[in-house]
Amino acid sequence: MTINTAIITANAMTSLDHPVDCLVDTMIEAQRLLSQINWNTITSNRARGTYRSPDGTPASVTVVDTQPSPDLLAEIQTWMARS
197 MTINTAIITA NAMTSLDHPV DCLVDTMIEA QRLLSQINWN TITSNRARGT YRSPDGTPAS
257 VTVVDTQPSP DLLAEIQTWM ARS
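First residue of the sequence shown: 197, per my numbering; consecutive thereafter.
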């Protein structure tokens, strides 16, 4: 079974263009893109953490399963509120 996922930061939402086996695969991809991430919360549908933005300030990141779920809706609402 595979899932479709996205990486959400304060600046962007990036959907992976290929399905992955599990959320950890996308967490690893987020680390590759953003550098070191301190993961604070990990559930079956999402993972939240912080990383250092290019200007050195802490920034949040969320990796989420894009299948419709309450977690996805909450993350989209949070992301839209920041925009």
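Beta carbons are placed, not taken as given, at the ideal position from N, Cα and C, and that holds for glycine.
Per-residue DSSP class, three states only, for residue i
i, result
"D213", "coil"
"P250", "coil"
"A243", "strand"
"T222", "helix"
"T198", "coil"
"A208", "coil"
Where the alpha helix (DSSP H) containing residue i begins and where it ends
i, result
"A202", "No alpha helix (DSSP H) contains A202, which is instead part of the beta strand (DSSP E) from 201–205."
Terminal residues of the beta strand (DSSP E) in which residue i lies
i, result
"T262", "Element bounds for T262: n/a, residue is neither H nor E."
C-alpha distance - residue i paired with residue j, whole-angstrom precision
i, j, result
"C269", "I233", "The amino acid at residue 269 is misidentified as Cys; the sequence shows Leu. Cα to Cα, L269 sits roughly 23 Å from I233."
"T237", "P250", "23 Å"
"T222", "N200", "9 Å"
"T253", "I203", "19 Å"
Close Cβ partners of residue i (< 6 Å) along its chain, the five nearest in sequence each way excluded
i, result
"R244", "N236, T237, T258"
Beta-carbon proximity list for residue i, same chain, < 7 Å, skipping 5 on both sides
i, result
"Y247", "L230, S231, Q232, I233, A255, V257"
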